[in-house]
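Residue numbers (my numbering): 2 to 355.
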């Protein structure tokens with residue numbers, strides 16, 4: 002209960018003082034503490050196995066495989082792996098939140114609600130997304146042409162891909178920002194129809210074997226719910242974000258943030274045909290929450306009008322973001338097996354507070 006109370010207090014403080022450095026840093030350090038010293042999470046057993054027998058990690062990406070082999074040769078423990086991943090990941094998040102948002106406290110509070118608990122379990126994915134965040138920070142702050150930025154960001158995604166294949170989806174974010182809504186709809190329709198065809202042929206097996214993710218296929222409905230439930234887990238968050246994107250478009254006009262939110266979620270909806278062969282494909286949408294927060298917190302409110310109208314629009318926008326974060330943790334954690342295998346041990350089983 003100590004961690005639950007601490008998280009609530011720090012979240013409320015960060016929400017009240019959204020632009021202040023102290024609440025932001027306090028919450029960031031707290032999340033690092035929870036991440037690194039957690040015990041008994043769903044995937045801990047697998048990571049322990051990888052450290053004891055690195056050959057078991059050979060099909061998990063060349064970058065991850067090499068890292069595990071190096072750590073295993075050094076006699077590293079699961080705690081040291083969490084220390085490495087948690088520090089790198091949360092420093093990346095902290096740098097992005099402080100440098101790319103006008104309200105770092107709001108950004109981090111939203112992230113702590115969801116999907117922080119999922120990231121604390123998926124060490125391999127968290128390590129992969131760290132490279133994407135560093136690349137995204139560079140693209141957002143550096144000067145230069147689009148081609149150079151695109152090359153750097155794609156390279157960062159490629160490094161992340163060597164740790165987790167799902168990260169390659171983030172390379173589409175640049176296209177999401179540049180495409181018009183009309184072009185994005187056409188492209189996503191083609192992808193949707195193409196995936197329907199591909200999932201019914203041997204071509205899909207050949208592609209995923211090449212990418213080294215064949216183990217993720219043929220899982221049926223998954224151990225946690227039916228195929229329909231996994232469609233819901235993918236579609237509902239995507240539709241919620243798209244509704245928020247349309248709200249931003251109406252109140253703030255078209256912008257990079259609007260295009261990223263609308264187009265990227267269209268891309269996620271286009272992946273629905275894959276649910277039947279890869280039941281955890283919805284995690285791609287879950288992973289995008291972090292990027293959506295980065296672009297959304299700077300866009301809440303209205304562009305013009307009286308101060309009262311601006312304050313009302315601002316409060317409504319923040320409430321919408323909190324609603325989406327709470328919807329995410331409810332749908333993907335509280336109403337699934339992740340409640341007992343992820344959230345409960347994360348907030349109750351800490352090696353320092355035993």
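We put the beta carbon where it would ideally sit given N, CA and C, even for glycine.
A direct Cα-to-Cα measurement between residue 13 and residue 5 gives close to 12 angstroms. For residue 252, the closest alpha carbon among the candidates 272, 261, 311, 230 is that of 311. Nearest C-alpha to residue 104 among 332, 19, 191: 19.
Shortest Cα-Cα distance from residue 192 to any of 150, 138, 270, 128 involves 270.
By the neighbour-count criterion, in which a residue is buried when 16 or more other Cβ atoms sit within 10 angstroms of its Cβ, residue 185 is buried. Residue state for residue 351 is assigned as strand, using DSSP reduced to three classes. When 120, 162, 296 are compared, the shortest CA-CA separation from residue 284 is found for 120. The alpha-carbon separation between residue 63 and residue 91 amounts to approximately 23 angstroms. Taking a cut-off of 8 angstroms for Cβ pairs, the region 162-182 and the region 258-268 touch, as three or more such pairs fall below it. In this structure, DSSP gives residue 39 an extended state, which the three-state scheme calls strand. A direct Cα-Cα distance of roughly 43 angstroms separates residue 236 from residue 74. Comparing alpha carbon positions, the residue from 318, 39, 258 closest to residue 117 is 39. According to the DSSP assignment, residue 288 belongs to the alpha helix (DSSP H) that extends over 284-297. The C-beta distance from residue 164 to residue 129 rounds to 4 angstroms, short enough to fall under 8 angstroms. The residue among 152, 326, 9, 274 with its C-alpha nearest the C-alpha of residue 298 is 326.
Contact between the region 138-152 and the region 30-44 is not established, with fewer than three Cβ pairs separated by less than 8 angstroms. Taking 8 angstroms as the upper bound for CB-CB distance, residue 112 and residue 94 are in contact here, some 7 angstroms apart. In terms of Cα proximity to residue 274, the closest of 171, 197, 37, 82 is 197. About 28 angstroms separates the Cβ atoms of residue 51 and residue 30, ruling out a contact at the 8 angstroms cut-off. Counting along the chain, the unbroken alpha helix (DSSP H) around residue 308 starts and ends at 308-330. Taken through DSSP and simplified to helix, strand or coil, residue 339 comes out as helix. Counting along the chain, residue 105 sits inside the alpha helix (DSSP H) bounded by residues 105-114. Considering only 26, 67, 257, the residue with the shortest C-alpha distance to residue 182 is 257. Annotation: residue 352 to residue 82 spans about 15 angstroms, alpha carbon to alpha carbon. Within the same chain, Cβ atoms closer than 6 angstroms to the Cβ of residue 162 are found at 168, 169, the five residues on either side in sequence being excluded.
When secondary structure is reduced to three states using DSSP, residue 236 falls in the helix class. In its chain, beyond the 5 residues on either side, 118, 334 have a beta carbon closer than 7 angstroms to the beta carbon of residue 344. In the DSSP annotation of this structure, the continuous segment of the alpha helix (DSSP H) that includes residue 130 starts and ends at 124-142. Straight-line measurement puts the Cα of residue 317 at about 42 angstroms from the Cα of residue 61. Contact between residue 110 and residue 15 holds, since their C-beta atoms are separated by about 4 angstroms, short of 8 angstroms. Out of 37, 240, 267, the CA that lies nearest to the CA of residue 189 is found in 267. Following the DSSP letters along the chain, one finds residue 53 inside the alpha helix (DSSP H) bounded by residues 45-53. Following the DSSP letters along the chain, one finds residue 71 inside the alpha helix (DSSP H) bounded by residues 63-74. Of the residues assessed, residue 201 falls on the exposed side of the cut-off, its CB having fewer than 16 other CB atoms within 10 angstroms.
Distance from the CA of residue 245 to the CA of residue 330, rounded to the nearest whole angstrom, comes to 17 angstroms.
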